[in-house]
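The listed protein sequences correspond, in order, to chains V and C. Numbering-wise, the numbering used here puts 265 at position 265 of the first sequence, and it's gapless, one number per residue. Numbering-wise, the numbering used here puts 221 at position 221 of the second sequence, and it's gapless, one number per residue. Every residue, glycine too, gets a C-beta built ideally from N, C-alpha and C. The next block holds one structure in the form of structure tokens; read it before the comments.
Number of protein chains: 2
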Amino acid sequence: MAIGAPCYIHGYSEDEAVRLADQARTLADLLHHDTRYASGSLVLEAGCGTGAQTREIAGRCPGISLVSVDLSAASLRGAKARGLATDLVRGEIAALPFRDESFDHVFVCFVLEHLADPEGALVALRRLLRTGGTITLIEGDHGSCYYHPATPAAASAWGALVSAQQAIGGDPLIGRRLYPLVTGAGFADVAVSLRQVYADESLPGVQDGFVQRTIVPMVEGVREPNAALGLVDSATFEQGLADLRATGGPGGTFCYTFFRATGVKRG
Amino acid sequence: MAIGAPCYIHGYSEDEAVRLADQARTLADLLHHDTRYASGSLVLEAGCGTGAQTREIAGRCPGISLVSVDLSAASLRGAKARGLATDLVRGEIAALPFRDESFDHVFVCFVLEHLADPEGALVALRRLLRTGGTITLIEGDHGSCYYHPATPAAASAWGALVSAQQAIGGDPLIGRRLYPLVTGAGFADVAVSLRQVYADESLPGVQDGFVQRTIVPMVEGVREPNAALGLVDSATFEQGLADLRATGGPGGTFCYTFFRATGVKRG
């Protein structure tokens, strides 16, 4: 993947699309169980990627009209190839081709972390909402991640993931900032709730679905950026990956927290 | 406080007792809402300190007989002075003056983190349980703490808290290890659940009760150990304390996770 371009840190490969679909299935209930839009609502999904979360929202909210936008033509082609039936529009969040006040709700999942100006994006999205409309945001926070055994190599590999995303202008620690960001962008009634994922040996489905098939591939995904940026030497990085895999196996534990924020546009 | 002695890192002062009582009130429901022992049960509380958690358990479980032990005579005197009505016994967890299999349940809260051999303590406590009896453990994990704004000084002050506790043989990151520790000590049906505390401006009670009156005083409590151990220079430590206070005020956010584990003694 290109470093320095305004791009998605995890890349656009087929493997990455599989990782995102796995992640969506494992996390779907945890993240989306309380996202419900009334039938007839016009909902904007800002930053749909290949549609992993789009499907979740569409499936839980029958009768809505969903418009999904993304900056990447390749992601939108992937979404179409996977049969995504919603309207797909290419565009940048800060300059979308929609009239002000034209949406009932806005949904944003795993997107703000990749933007250089997340508050500017929120201000732009607020303009597109009708008065009384809501925004829902879901983001991770890579500083919420801890595990056992906690080895220095694992911490280095995880740190490479964080640094690589920061190097291209993203904020992988954005979850904890959602409340001040959303209030700062002018939304009212802002409420944040945390969704924590925990895995130990008694939860093999979470160890497999989350640690082995979501977290480890995400770190593997920065192998090249890590080398290109000279962050962590290759041997340490590979050892760190092995150590992270071990946290999702016998005797291991793993914790990660997602943040969900909602806000309302007042007149 | 003395460094190097087998002591409680947070000290035994009156301020510390007030901090513990505040902490207990704020966290009581989060930590203890699902701890219920049948009337008539004989319950051992291992490491009762000044009785902050003892009261919670006794209040929620009418009709139980509670025996509370602690290593510190000063803590037991404090517990008595505060009117704690349960049986109080001085002793070390690994060598308590009770017959094997004499308790129905064992309750341990904020204790393992201070022990050099937590698994040994769990094995000793398992001996005191009757077959079919349960153990309940509640511990923090200082690696689960993150906040906004995240300043280097705040990280240094928090790191001093972690290092000071490690320097006297404790493990302030023990929460994530509860599952392997409790299974390793021979308990069956081990289940771990996480209790996350989150504070932002919309939750002033949590900002005050948890950040300002629990977290900040806990870090303040290692001011002297920090100096004695030469961990973080005094100016950085004080700036870090100020920065941590700010995470519990306007625009700030704060996260911390407690771990609760239960296990059963099988024959």
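- prompt: What residue does the alpha helix (DSSP H) around residue 162 of chain V start on, and which one ends it?
  reply: For residue 162 of chain V, the enclosing alpha helix (DSSP H) stretches over residues 152-167.
- prompt: Comparing alpha-carbon positions, which option in V:61, V:194, V:234, V:76 lies nearest residue 51 of chain V?
  reply: Ranking the options by Cα distance to residue 51 of chain V, first place goes to V:76.
query: With a Cβ-Cβ cutoff of 7 Å, do residue 136 of chain C and residue 35 of chain C count as a contact?
result: Contact flag set, yes.
Extent of the continuous alpha helix (DSSP H) run through residue 75 of chain V: Judged by DSSP secondary structure, residue 75 of chain V falls within the alpha helix (DSSP H) whose first and last residues are 73-81.
query: If residue 211 of chain C and residue 260 of chain C are in contact, beta carbons under 8 Å, what's the gap, nearest whole angstrom?
result: Taking C-beta atoms under 8 Å as the contact rule, residue 211 of chain C and residue 260 of chain C fail to qualify, at a distance of about 21 Å.
message: Give me, in chain order, the residues of the same chain whose beta-carbon lies closer than 7 Å to that of residue 63 of chain V; leave out the 5 immediate sequence neighbours on both sides.
response: Beyond the five residues adjoining it in sequence on each side, residue 63 of chain V comes within less than 7 Å, by CB distance, of 39, 40 in the same chain, given in chain order.
task: Taking only the alpha-carbon atoms, compute the straight-line gap between residue 103 of chain C and residue 179 of chain V and give it to the nearest angstrom.
output: Using only the alpha carbons, I get a separation of about 47 Å.
Whole-angstrom distance between residue 81 of chain C and residue 154 of chain V, CA atom to CA atom: Cα atoms of residue 154 of chain V and residue 81 of chain C: separation of roughly 48 Å, rounded to the nearest angstrom.
8 Å contact criterion, which residue 173 of chain C and residue 216 of chain C should meet: CB distance rounded: Not confirmed; about 20 Å, so no contact.
query: Using the C-alpha atoms, what's the distance from residue 124 of chain C back to residue 271 of chain C?
result: This structure gives no information on residue 271 of chain C, because the portion of chain C shown stretches from 1 to 267.
- prompt: Listed from N- to C-terminal order along the chain, which residues in the region 136-167 of chain V have their beta-carbon within a distance smaller than 8 Å of any beta-carbon of chain C?
  reply: Against chain C - using a Cβ distance shorter than 8 Å - the residues of the region 136-167 of chain V are 141, 143, 144, 146, 147, 148, 150.
query: Relative to chain V, which residues along the region 31-48 of chain C have a C-beta separation below 7 Å, given in chain order?
result: For chain V, none of the residues of the region 31-48 of chain C brings a beta carbon within less than 7 Å of one of its beta carbons.
query: How big is the Cα-Cα spacing for residue 66 of chain C and residue 44 of chain V?
result: Distance between the alpha carbons of residue 66 of chain C and residue 44 of chain V is about 57 Å.
field: Between the CA atoms of residue 168 of chain V and residue 4 of chain V - distance to the nearest angstrom
entry: Low confidence applies to residue 4 of chain V: its pLDDT is 32, below 50, so where it sits in the model is not reliable enough to give any reading.
query: Just the Cα atoms here: how many angstroms apart are residue 90 of chain C and residue 126 of chain C?
result: Just so you know, the alpha carbons of residue 90 of chain C and residue 126 of chain C end up roughly 19 Å apart.
- prompt: In angstroms, rounded to a whole number, what distance separates the CA positions of residue 118 of chain V and residue 112 of chain V?
  reply: Looking at the two C-alpha atoms, the distance is approximately 5 Å.
task: Please report how far the alpha carbon of residue 152 of chain C lies from the alpha carbon of residue 240 of chain C, in whole angstroms.
output: For residue 152 of chain C and residue 240 of chain C, the distance between alpha carbons rounds to 8 Å.
message: With the cut-off set at 7 Å, would you say residue 267 of chain C and residue 131 of chain C are in Cβ contact?
response: Cβ distance < 7 Å, so residue 267 of chain C and residue 131 of chain C count as in contact.
query: Would you say residue 241 of chain C faces chain V, with C-beta separation under 7 Å as the test?
result: Judged by the 7 Å Cβ criterion, residue 241 of chain C is not in contact with chain V.
message: With H, G and I counted as helix, E and B as strand and the rest as coil, what does DSSP make of residue 210 of chain C?
response: In the displayed model, residue 210 of chain C falls within a helix according to three-state DSSP.
- request: Compare the C-beta of residue 194 of chain V against all C-beta atoms of chain C and say whether one is closer than 7 Å.
  value: Yes, residue 194 of chain V lies at the interface with chain C (some Cβ there is under 7 Å from its Cβ).
- request: Taking a Cβ distance cut-off of 7 Å, strictly less, list which residues of the region 180-191 of chain C are near chain V, in chain order.
  value: Result list: 180, 190, 191.
Check whether residue 56 of chain C and residue 28 of chain C have beta carbons under 7 Å apart: Result yes, Cβ atoms of residue 56 of chain C and residue 28 of chain C sit closer than 7 Å.
query: From what residue to what residue does the alpha helix (DSSP H) around residue 236 of chain V run?
result: Element bounds for residue 236 of chain V: 234-247.
field: Residue-level contact to chain V via CB, residue 5 of chain C, 7 Å cutoff
entry: Because the pLDDT at residue 5 of chain C is just 34, under 50, the model does not fix this residue reliably, and the value given afterwards should be weighed accordingly. So no, residue 5 of chain C is outside the interface.
- request: Report the three-state DSSP secondary structure of residue 111 of chain V (helix, strand or coil).
  value: Annotated three-state conformation of residue 111 of chain V is coil, per DSSP.
task: Could you tell me whether any Cβ in chain C is nearer than 7 Å to the Cβ of residue 260 of chain V?
output: Chain C, which has no Cβ nearer than 7 Å to the Cβ of residue 260 of chain V, makes this no.
- prompt: Any C-beta of chain C sitting closer than 7 Å to the C-beta of residue 208 of chain V?
  reply: With a threshold of 7 Å between beta carbons, residue 208 of chain V makes no contact with chain C.
query: Where do the ends of the beta strand (DSSP E) carrying residue 54 of chain C lie?
result: First-last for residue 54 of chain C: 52-60, but that is the alpha helix (DSSP H), not the beta strand (DSSP E).
- prompt: If you count every other CB in all the chains shown that lies within 10 Å of the CB of residue 148 of chain C, and 16 or more means buried, which is it?
  reply: Residue 148 of chain C comes out buried.
query: CB-CB under 6 Å to residue 223 of chain C, same chain, minus the five flanking residues each way: which ones, in chain order?
result: Counting only Cβ-Cβ distances below 6 Å, and skipping sequence neighbours, we find nothing.
- prompt: Which stretch, first to last residue, makes up the alpha helix (DSSP H) that contains residue 229 of chain V?
  reply: First-last of the alpha helix (DSSP H) with residue 229 of chain V: 223-229.
message: Any beta carbon from chain C within less than 7 Å of residue 176 of chain V's own beta carbon?
response: At least one chain C Cβ lies under 7 Å of residue 176 of chain V.
query: Near residue 156 of chain V, what residues of its chain come up, given a Cβ to Cβ distance below 6 Å and the 5 sequence neighbours on each side ignored?
result: Excluding residues up to 5 positions away in sequence, 232, 236, 240 lie with their Cβ nearer than 6 Å to the Cβ of residue 156 of chain V in the same chain.
- prompt: Alpha carbon to alpha carbon, what distance is there between residue 229 of chain C and residue 2 of chain C?
  reply: For residue 2 of chain C, the predicted model reports a pLDDT of 29, less than 50, meaning its position is unreliable; a value from the coordinates is still stated below. Going by the C-alpha atoms only, they are around 11 Å apart.
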